[in-house]
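Working notes for the structure below.
Residue numbers (the UniProt record's numbering), protein chains in the order written: chain A, 1 to 846; chain B, 1 to 170.
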């Protein structure tokens with residue numbers, strides 16, 4: 001059979017055991033061969049994990065072969081493959097039906113194999129239930145449902161019904177409670193788990209249809225999906241202004257699953273539309289009916305069934321204590337809306353929900369091998385029936401022609417399905433479940449593995465999101481920038497900028513205008529202006545700033561009034577002798593007084609603060625480590641000058657102004673000042689929410705990141721943090737007020753940004769904001785209107801305890817840093833850590 | 001199938017992990033006690049070794065990319081022992097071990113500054129390790145390279161010296 005994936009089929013070629021001098025080659029591969037029985041075991045394991053992947057055999061043949069091999073193996077080998085089967089169930093759920101087919105075939109050969117697999121699944125379900133691992137439960141019951149033909153009596157329906165019943169009870173309790181959210185996310189997760197097992201139950205054997213119908217009927221009658229008021233806070237696209245419509249109405253995954261399942265069976269209830277799932281039942285039957293060589297037919301045909309022992313279910317209260325997988329309702333992200341025809345299954349179809357669920361699970365479970373994740377995602381079509389998808393890698397144009405020719409064929413593209421599922425993770429709200437780099441590099445791998453098939457699909461997603469920027473959530477605008485910037489940096493920064501040329505003429509604060517500017521800014525950080533110049537069309541080149549090799553130190557410039565004194569200060573600071581430093585500062589003060597800036601005491605202070613802070617920036621400009629060192633070494637001196645919030649604002653502006661050409665470096669340097677307790681975090685948020693000239697700094701990737709960096713450390717049980725948050729609400733209100741006069745387009749867009757920022761912040765820190773708002777006076781109407789939704793989010797996030805363990809660790813790490821900073825002696829003792837010493841050659845050799 | 005697999009492959013996971021200790025660390029562990037200590041140390045390390053950088057890649061560029069895998073606490077640029085100029089590697093320290101492992105999983109093998117970077121768990125930075133160990137001051141790999149790599153000073157140093165000697169002889 002023609003191997004259509006040969007280019008990214010990573011399976012070893014026969015005889016591919018050449019020695020390589022690659023550093024990564026592990027030693028065992030150079031060592032001796034494993035003994036034959038171990039080799040046999042390894043082969044079998046490999047056959048299990050690779051089931052259904054591109055091969056010269058038909059899928060039915062593969063399943064049969066694996067089944068026979070499993071059936072023929074000895075006790076040791078059998079025990080040796082069990083964990084591999086579990087690993088595939090948990091990590092590559094698209095292979096569950098195929099594996100269950102192989103197990104059924106093996107069971108006909110050797111009864112014991114079926115028995116141990118079912119016992120294993122049972123005990124694993126028990127473990128997962130006890131541990132609150134509901135996603136594992138979901139996959140294991142899918143496995144059990146697929147194995148139904150070899151399970152005795154009502155074993156499968158009993159567990160499915162029992163879990164559904166718990167889901168209903170939990171959900172009813174939430175709906176009937178007087179106050180609080182009408183949602184139980186744990187209930188929804190169980191409900192989805194049960195419903196998504198049903199199609200596999202039916203596909204394993206059509207005789208199960210009446211039982212599946214019964215469960216479905218109960219679910220329809222008893223499970224009522226709770227309403228959710230805060231939808232507008234958690235959807236990726238929403239109606240921006242009166243003239244902007246979201247490209248689609250985002251829907252909750254749970255409702256889509258309900259719709260998909262309830263529409264799967266026809267009125268007559270004797271048929272389920274599962275024709276796009278692999279017909280494993282027939283493959284198994286075909287295999288079992290094959291005449292065997294030696295044994296008598298009678299024995300081969302009889303199916304040996306096994307007991308699925310009852311599972312002990314935790315109490316309702318225990319279920320309530322489980323952490324749902326998604327802290328807020330799970331939303332279905334779309335990037336490929338049908339224009340003329342569908343390239344992905346509709347979200348409310350069986351295929352739509354199953355594929356999204358499978359892809360999400362693969363991405364979540366296998367993050368330790370992103371190439372494998374990518375490979376599985378872009379070959380998911382192999383695990384569905386022929387005709388479910390169009391041919392892989394087909395171009396959009398050709399697909400259009402096929403369709404025009406009037407053929408009734410599927411137009412779903414596996415590449416679109418795969419990419420949309422990854423985008424779901426990038427744009428997931430309220431947060432991403434992995435570090436963002438993961439999703440970026442999956443998409444990079446996809447483009448590397450199958451450039452011709454993926455690149456156009458990728459481009460369509462980018463264009464779709466860009467086209468709808470005006471309705472995209474503001475936090476997601478920043479994520480979009482971050483992702484696209486990294487992506488371009490991996491592909492020589494090639495993009496058809498020309499398409500966006502007209503948007504350069506948009507008004508200054510328009511989201512698209514801001515996006516283009518910031519994207520180039522992002523590119524600059526991963527590269528340099530000369531490199532980018534050739535990648536941009538003429539019209540875009542003015543957006544590339546010239547970046548001097550070293551930031552301009554204004555006090556050394558010819559027009560500086562303070563050059564001599566500042567040089568003296570620099571020398572004194574380098575000497576690290578406190579009396580010299582004090583002396584230099586005194587000289588500066590005299591000079592400033594002489595320049596008669598000292599009419600007002602504050603003005604004098606401002607001047608001195610600006611000189612000092614700018615000088616520290618200058619001294620630390622060689623690298624971030626240098627900056628950090630200089631700031632912590634001079635913290636005590638700085639603190640003597642920076643005593644009020646106005647002073648802090650002056651200092652922040654000095655940092656920003658020194659690093660004006662490399663604002664992201666300024667962002668990190670500012671953190672050094674906060675970490676050294678020279679600046680307070682509140683002054684950073686104040687600054688970011690100041691919108692006097694142009695958009696407030698929070699409207700940028702850096703600004704948003706910096707703001708999150710501050711707020712991530714706030715603990716909602718800490719009164720001080722609540723007060724700080726209350727101050728943030730007031731500042732947000734001020735920003736919105738300033739632009740309430742929506743006379744010109746630019747200020748309308750400013751309002752658009754600020755409202756989006758407020759929404760994003762509320763969603764990200766609901767517990768802090770809901771507590772803080774009670775301490776805040778009247779605020780802007782827009783914010784006021786968000787509060788009820790905010791309360792609902794806060795409640796849900798308390799339930800699921802939003803604070804992930806990783807952020808707790810980060811907070812601890814932070815405390816550590818601050819404590820270290822405090823230990824530094826006022827006389828600026830040399831920092832005791834082992835970072836590279838101050839540069840051997842002073843860089844101002846001028 | 002003739003490939004010899006790790007006997008433990010597919011016992012816990014359905015595919016190979018890409019975040020284990022590098023082949024280098026594993027080999028060293030077989031050779032010396034220090035190697036074994038290093039192997040132990042990478043199990044909890046927050047530090048990464050990053051290689052195959054261009055000499056021109058700045059600390060800020062590294063910061064920009066690597067902060068997408070976690071909170072960076074420090075970057076130590078690898079320097080030419082004699083010139084004290086960047087020589088194509090660095091150490092990145094994260095706040096947590098998990099972030100360091102994430103970085104190996106997600107960023108190893110992607111591009112920075114148009115070059116595919118190599119990211120490995122590192123037992124931890126000690127003073128002195130920031131300097132190249134090659135006889136001309138840079139990394140050893142740049143001594144013997146016979147390819148032309150504009151991002152890493154052209155041809156390998158030995159190679160270009162030999163070429164120069166040939167030209168001089170003519």
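All C-beta atoms, glycine included, are put in the ideal place defined by N, C-alpha and C.
In the three-state reduction of the DSSP assignment, residue 94 of chain A falls in the helix class, which pools H, G and I. Scanning chain B for C-beta atoms nearer than 9 Å to the C-beta of residue 525 of chain A yields 60, 61, 63, 64, 65, reported in chain order. Residue 92 of chain B: not part of any alpha helix (DSSP H); member of the beta strand (DSSP E) spanning 86 to 94, first to last residue. Only residues of its own chain outside the window of five on either side were considered, and among them 75, 77 have a CB closer than 6 Å to the CB of residue 59 of chain B, listed in chain order. Sequence-distant Cβ neighbours of residue 586 of chain A in its own chain, meaning closer than 7 Å and more than five residues away, do not exist here.
Taking all protein chains shown into account, residue 130 of chain B has 16 or more neighbouring C-beta atoms within 10 Å of its C-beta and is therefore buried. Judged by their CB atoms, residue 125 of chain B and residue 47 of chain B are nearer to each other than the 7 Å cut-off. At a cut-off of 7 Å, the C-beta of residue 18 of chain B has a neighbouring C-beta in chain A. Taking 8 Å as the upper bound for CB-CB distance, residue 532 of chain A and residue 524 of chain A are in contact here, some 7 Å apart. In the three-state DSSP reduction, residue 46 of chain B falls in the coil class, being neither helix nor strand.
Exposure of residue 720 of chain A is indicated by the presence of fewer than 16 other C-beta atoms within 10 angstroms of its C-beta. The beta carbon of residue 67 of chain A lies closer than 6 Å to those of 102, 105, 106 in the same chain, with the five residues before and after it left out. In the DSSP assignment, the residues bridged to residue 306 of chain A are A:151. For the options A:778, A:752, A:141, A:165, the alpha carbon positioned closest to that of residue 155 of chain A is the one of A:141.
Counting only the Cα atoms, residue 224 of chain A lies some 10 Å from residue 258 of chain A. Counting along the chain, residue 564 of chain A sits inside the alpha helix (DSSP H) bounded by residues 563 to 575.
Between the C-alpha atoms of residue 509 of chain A and residue 767 of chain A there is a straight-line separation of about 31 Å.
Distance between residue 96 of chain A and residue 277 of chain A, taken at the CA atoms: about 12 Å. The bridge partners DSSP lists for residue 121 of chain B are B:48.
For the stretch 28 to 44 of chain B, the set of residues with a beta-carbon nearer than 8 Å to any beta-carbon of chain A comprises 30, in chain order.
Listed in chain order, the positions of the stretch 367 to 390 of chain A with a beta carbon within less than 8 Å of a beta carbon of chain B are 367, 368, 369, 370, 371, 372. Chain-order list of chain B residues neighbouring residue 436 of chain A: 68, by C-beta distance under 7 Å.
Cα atoms of residue 554 of chain A and residue 560 of chain A: separation of roughly 7 Å, rounded to the nearest angstrom.
Using a Cβ distance threshold of 7 Å, residue 71 of chain A and residue 110 of chain A count as a contacting pair. For residue 40 of chain A, the closest alpha carbon among the candidates A:171, A:69, A:61 is that of A:69.
Contact with chain A is absent for residue 82 of chain B, since none of that chain's Cβ atoms lies less than 7 Å from the residue's Cβ.
Straight through space, the alpha carbons of residue 154 of chain B and residue 93 of chain B are spaced by roughly 29 Å. Bounds of the beta strand (DSSP E) holding residue 79 of chain B are 72 to 79. Under the three-state reduction of DSSP, residue 154 of chain B is assigned to strand. Chain B has a Cβ within less than 7 Å of the Cβ of residue 624 of chain A. Interface with chain B (7 Å Cβ-Cβ cutoff): residue 330 of chain A is excluded. DSSP places residue 674 of chain A in the uninterrupted alpha helix (DSSP H) bounded by 663 to 675. Shown here, residue 131 of chain B sits in a strand according to DSSP, grouped into three states.
Annotated three-state conformation of residue 149 of chain B is strand, per DSSP. Neighbourhood of residue 10 of chain B in chain A, by CB distance below 9 Å: 42, 45, 46, 48, 49, 81, 83, 84, 87, 88, in chain order. According to the DSSP assignment, residue 458 of chain A belongs to the alpha helix (DSSP H) that extends over 451 to 467.
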